[in-house]
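A.B. asks: Quick mapping for you: the protein sequence lines, in order, are chains P and Z. All the letters of the first sequence, read from the start, carry residue numbers 0 to 595 under numbering that gives the first Met the number 0. All the letters of the second sequence, read from the start, carry residue numbers 0 to 111 under numbering that gives the first Met the number 0. Beta carbons are placed, not taken as given, at the ideal position from N, Cα and C, and that holds for glycine. Take a look at this one; I'll ask things after.
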Amino acid sequence: MASNRGELVGRAEIAERERLLEELRESLRGSERRFDAVVGSIGDAVTIRDREHRFVYANAAALAHLGIDSLEQLRETAPDAIMSDYLVASEDGREIAMSDIPSVRILRGEAAEPLLIRTVHRVTGEQRWNLLKAAPLLDERGEVEATIMIIEEVTERKRAELRSAFLPEAGAALAGSLDYEQTLRNVAQLAVPGIADWCAVDLLDEDGDRRTVAVAHADPERVSLAEQLQAYTPDRLDPERGLGRVVHTGEAALYREITEEMLVQAARDERHLELLRALGFRSMLMVAMRIGERALGAMTLVSAESARVLDEHDVELAEQVATRAAVAIENSRLYSERSRIARTLQQSLLPEQLPAIPGYELASVYLPAAQASMVGGDFYDVWAAGGAWMIAIGDITGKGIEAAALTALVRHTLRAGSEFDTRPARLLSLLDTMLKKRPTLSVCTALCVRLEDDVVTLSVGGHPLPLRVTPGRVEALGEHGPLLGAFPEVRWQDFSTRLEPGATLIAYTDGITDAQGEGRGRFGLRRLCETVQALADQPAAQMMRALADGVERFQAGTRSDDTAAIALRRLPGGAPCEAEREPRAKLRADAITTAA
Amino acid sequence: MVRPAKLEVSEQVQPGRATVSVEGELDLSTVPVLEERVNAQMGSGESALTLDLSGVSFMDSSALRFLIALNERAQDEERAISLIAPQHESARLVLRMTGADKALPFERGAAP
């Protein structure tokens, strides 16, 4: 502008121009100061970068945020030098590069949405959440001259948000399974990668020894590294230090920085040290899993490749997860234990194997009700007494441990009673007396059968009548007698018949006939008769298998009641059981029944 | 699998007598429903209770156990109780089979 006038410009004019320029500079500095006075007081970090993405301006919050002492120092910093101090990731864990930063995108002429990033400082391991918002600063021609970016630190908000999402999720995942092993895996998986890169769950056994029951890592291949580490970790915990101390006191232990010295100190040998280094543990946190004062174990959380340092916020969150996990573990352990007890008890209520009765075949089916932790219900038993073979089958009304105890009582009463008197009606009467002596209502149905040679004597107490199956004919045997343990002044009658060669005696519980099909239909006596009739000339085992298959096919949904059946088939042309008699037992039984 | 409700229970209260009528299947899954309703009547002041089972189409051992326990409780509490037998043969059979037809206080003329 002024230069057009060339030589005409005098000294005074030059001085005047100098003054004007100085005034302009001063006014610019003033505007910068005023700008700074406004922007500098904002809590959020604000930076302005030029077209080359060099810092032009940063307010006090930005300097503090970037860890830079002065604006001058910042101006001398290379554009991407600061970013390289951090591991930067998006909300979904994707790595963020310089080119993704909104201000850089604006310089490229792109629209830039706000970007939420998670930064972990490579040196301090501190984790932050920042929301980056950028806008262009245009010159008078409307071109991008610089960019302004606001860095809003949302770490607290994000933490709270993650926690409020994480804890219900954790609760749901833990409540989702009653399977013990699955629950443990769920516990470990929960913390990865939400809280840490690694999570291990250790439980104490009855002797107080540690056992690592689950290890999780976002990358399953790395799990095997951690498993190798197990060989170096003692089972016996030292209550004074490390995991032992955590479990013992219930207080969390946070190792913000795991140093090389710590690794050297912890390593038992070179191989161990190598392994520890390979795992690249950065930071570690151990929290106890306790229910009240009782220690179940501990959760160990480790940060490694994410480089973040675990802090007291993580301790708080991990403790809440550990508390929930402890309850879930205890519940599933109790459930597993209950199922195991139930199975064991159930097995103890049935004969381990059916005895071999010469001249006869024996086979049975037992389909327990669907609910695994329940026990009781149906039972059957076959044993020798007083020179005869005894068969009993029954149904304890009621479920659970009481029913199991009652079933044991019923079985033992019949067995013990048969040592003195093998007449079925007398045995039922004895059982009825025993049941009535119990403090709570104890009722059961039972069918008691005595087999002597080919003579079947039986008595029925509130139980379905047994069937005799021969080719071409199925008939119910005996007469109904009252339920056991239920009614005063009742009696039972013996009924006798012969079992001809090839004939099968079938005793069953109402689980078979009551099995529910689609709609309101029940399996019923007619289907039972048809099923066994079709296999009248087949081995007993085959008949029982067909019956079990038939009931299972018919059954809609889960089985609500126990189902049992036993088949005794006289072999066609087979010798009766005379040869197997026990003379001494016979003598004793006779003597006592005579005396009675 | 969710089954439709298999049991309907209704109450009718007259001075001195409450009648609980049952319709449907009485088994392991429905007995607790009836038990609760009957307990409510037993807890109220009415002196006599009639349990009308005429609409019961199916009974299993848990239903039977419930009736036996109810009868024992009524005796202990010296409360008059009577039962009206089911009409359906399968339910009547269970009562006959177990001797409950004779031992439980079924109303005359309506015994199973």
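Runs of 3 residues minimum, wholly inside the stretch 181-239 of chain P: which ones carry the beta strand (DSSP E) assignment?
C.D. replies: Correct list: 197-203 and 209-216.
A.B. asks: Give a yes or no on whether the C-beta atoms belonging to M97 (chain P) and D84 (chain P) are separated by under 8 angstroms.
C.D. replies: On the first sequence, position 98 is the one that residue 97 (chain P) refers to. On the first sequence, position 85 is the one that residue 84 (chain P) refers to. In this structure, D84 (chain P) does not lie closer than 8 angstroms to M97 (chain P) by Cβ.
A.B. asks: If L446 (chain P) and L457 (chain P) are in contact, beta carbons under 8 angstroms, what's the gap, nearest whole angstrom?
C.D. replies: Here residue 446 (chain P) corresponds to residue number 447 of the first sequence, with the count starting at 1. Here residue 457 (chain P) corresponds to residue number 458 of the first sequence, with the count starting at 1. Right, the Cβ-Cβ distance comes to about 7 angstroms (below 8 angstroms), so this counts as a contact.
A.B. asks: In this structure, how does DSSP classify E579 (chain P) when only helix, strand and coil are distinguished?
C.D. replies: Locating residue 579 (chain P) in the first sequence gives position 580, where the first residue counts as 1. Legend: pLDDT at E579 (chain P) = 42, less than 50; position of this residue unreliable, no value from coordinates given.
A.B. asks: List the residues of chain Z whose Cβ lies closer than 9 angstroms to the Cβ of L440 (chain P), in chain order.
C.D. replies: Start at 1 with the first residue of the first sequence, and residue 440 (chain P) comes out as number 441. Those are R64, I67, A68 and E71, listed as they occur along chain Z.
A.B. asks: Indicate whether at least one CB of chain Z lies closer than 8 angstroms to the CB of D513 (chain P).
C.D. replies: Counting from one through the first sequence, the residue named residue 513 (chain P) turns up at place 514. By this cut-off, D513 (chain P) is an interface position.
A.B. asks: Would a C-beta distance cut-off of 8 angstroms place P104 (chain Z) and I67 (chain Z) closer than the cut-off?
C.D. replies: Start at 1 with the first residue of the second sequence, and residue 104 (chain Z) comes out as number 105. Start at 1 with the first residue of the second sequence, and residue 67 (chain Z) comes out as number 68. In this structure, I67 (chain Z) does not lie closer than 8 angstroms to P104 (chain Z) by Cβ.
A.B. asks: For a contact meaning CB atoms closer than 8 angstroms, what does P113 (chain P) contact in chain Z?
C.D. replies: One-based indexing of the first sequence puts residue 113 (chain P) at position 114. What P113 (chain P) touches in chain Z: nothing, since even the nearest Cβ is about 48 angstroms away.
A.B. asks: Following the continuous beta strand (DSSP E) through G460 (chain P), name the residue where it begins and the one where it ends.
C.D. replies: Within the first sequence, residue 460 (chain P) is the residue found at index 461, counting from 1. Looking at the DSSP string, the run of the beta strand (DSSP E) that includes G460 (chain P) is V454 to G460.
A.B. asks: Exposed or buried, E311 (chain P), counting other C-beta atoms within 10 Å across all chains shown (16 or more means buried)?
C.D. replies: Walking along the first sequence from the start, residue 311 (chain P) turns up at place 312. That one is exposed.
A.B. asks: At what residue ranges does the stretch 61-96 of chain P contain a whole run of the beta strand (DSSP E), taking only runs of 3 or more?
C.D. replies: Counting whole runs of 3 or more residues, the stretch 61-96 of chain P contains the beta strand (DSSP E) stretches 85-89.
A.B. asks: If you draw a straight line from the alpha carbon of L86 (chain P) to that of N129 (chain P), how long is it in whole angstroms?
C.D. replies: One-based indexing of the first sequence puts residue 86 (chain P) at position 87. One-based indexing of the first sequence puts residue 129 (chain P) at position 130. So the two alpha carbons sit approximately 13 angstroms from each other.
A.B. asks: Take the Cβ of V263 (chain P) as the centre, count every other Cβ of all protein chains shown within 10 Å, and call the residue buried at 16 or more, exposed below.
C.D. replies: For the purposes of this step, residue 263 (chain P) is taken as the residue at position 264 of the first sequence. With fewer than 16 other Cβ atoms within 10 Å, it is exposed.
A.B. asks: State yes or no: is the C-beta of H87 (chain Z) nearer than 7 angstroms to some heavy atom of the ligand PLP?
C.D. replies: Judged by which ligands are present, the structure shown has none, so any question about the ligand PLP falls away.
A.B. asks: Using the three-state DSSP reduction, which class does A584 (chain P) fall into: helix, strand or coil?
C.D. replies: Locating residue 584 (chain P) in the first sequence gives position 585, where the first residue counts as 1. Low per-residue confidence applies at A584 (chain P): pLDDT is 34, beneath 50, and the placement is therefore not dependable, though the value from the model is reported in the following sentence. If DSSP states are grouped into helix, strand and coil, A584 (chain P) belongs with the helices.
A.B. asks: Can you tell which of P:I511, P:P423, P:D201 and P:P487 has its C-alpha closest to the C-alpha of T211 (chain P)?
C.D. replies: Counting from 1 along the first sequence, the entry for residue 211 (chain P) is found at position 212. The option with the nearest alpha carbon to T211 (chain P) is P:D201.
A.B. asks: State the start and end residues of the unbroken alpha helix (DSSP H) segment that holds H271 (chain P).
C.D. replies: Stepping through the first sequence from its first residue, residue 271 (chain P) is reached at position 272. Start and end: E269 to L278.
A.B. asks: For Q541 (chain P), which residues from the same chain have a beta carbon less than 7 angstroms from its beta carbon, with the 5 sequence-adjacent residues on both sides left out?
C.D. replies: Residue mapping note: residue 541 (chain P) aligns to position 542 of the first sequence, counting from 1. Excluding residues within five positions, the ones whose Cβ falls inside 7 angstroms are L534.
A.B. asks: Looking only at DSSP bridge pairs, what is V143 (chain P) linked to?
C.D. replies: For this step, residue 143 (chain P) is matched to residue 144 along the first sequence. Bridge partners of V143 (chain P): P:L137.
A.B. asks: Who are the Cβ neighbours of R323 (chain P) in its own chain at under 8 angstroms, not counting the five residues just before and after it?
C.D. replies: As a first step, residue 323 (chain P) must be located in the first sequence, where it is residue number 324. Result list for R323 (chain P): L166, A169, G170 and L173, in chain order.
A.B. asks: For G98 (chain Z), return the contacting residues in chain P, with the cut-off set at a CB-CB distance below 9 angstroms.
C.D. replies: The residue given as residue 98 (chain Z) occupies position 99 in the second sequence. G460, G461, H479, G480, P481, L482, A485, F486 and V489, listed in chain order.
A.B. asks: Would you check if the stretch 134-149 of chain P and the stretch 283-298 of chain P touch, i.e. whether three or more CB-CB distances between them fall below 8 angstroms?
C.D. replies: The stretch 283-298 of chain P vs the stretch 134-149 of chain P: no contact.
A.B. asks: With a threshold of 8 angstroms, are at least 3 pairs of Cβ atoms found where one atom belongs to the stretch 328-338 of chain P and the other to the stretch 347-358 of chain P?
C.D. replies: The answer is no - the stretch 347-358 of chain P does not touch the stretch 328-338 of chain P, with fewer than three Cβ pairs under 8 angstroms.
A.B. asks: Report the rounded CA-to-CA distance for M298 (chain P) versus L236 (chain P), giving the unit in angstroms.
C.D. replies: Taking the first residue of the first sequence as 1, we reach residue 298 (chain P) at position 299. Taking the first residue of the first sequence as 1, we reach residue 236 (chain P) at position 237. Approximately 14 angstroms, taken between the alpha carbons.
A.B. asks: Apart from the five residues on each side of it in sequence, which residues of its chain come closer than 6 angstroms, Cβ to Cβ, to I81 (chain P)?
C.D. replies: Taking the first sequence and counting its residues from 1, one reaches residue 81 (chain P) at position 82. Excluding residues within five positions, the ones whose Cβ falls inside 6 angstroms are L65.
A.B. asks: With a cut-off of 8 angstroms, does the C-beta of D75 (chain Z) fall near any C-beta of chain P?
C.D. replies: On the second sequence, position 76 is the one that residue 75 (chain Z) refers to. It does not: the Cβ of D75 (chain Z) has no partner Cβ on chain P nearer than 8 angstroms.
A.B. asks: Is the Cβ of T444 (chain P) closer than 8 angstroms to any Cβ of chain Z?
C.D. replies: In the first sequence, residue 444 (chain P) corresponds to position 445, counting from 1. Closer than 8 angstroms to some Cβ of chain Z, the Cβ of T444 (chain P) qualifies, so yes.
A.B. asks: I want to see whether chain P comes within less than 8 angstroms of R78 (chain Z), judged by CB atoms only; does it?
C.D. replies: Counting from 1 along the second sequence, the entry for residue 78 (chain Z) is found at position 79. So, not an interface residue.
A.B. asks: Counting only runs that start and end within the stretch 275-330 of chain P, where is the beta strand (DSSP E) found for 3 or more residues in a row?
C.D. replies: The qualifying runs are 282-290 and 293-302.
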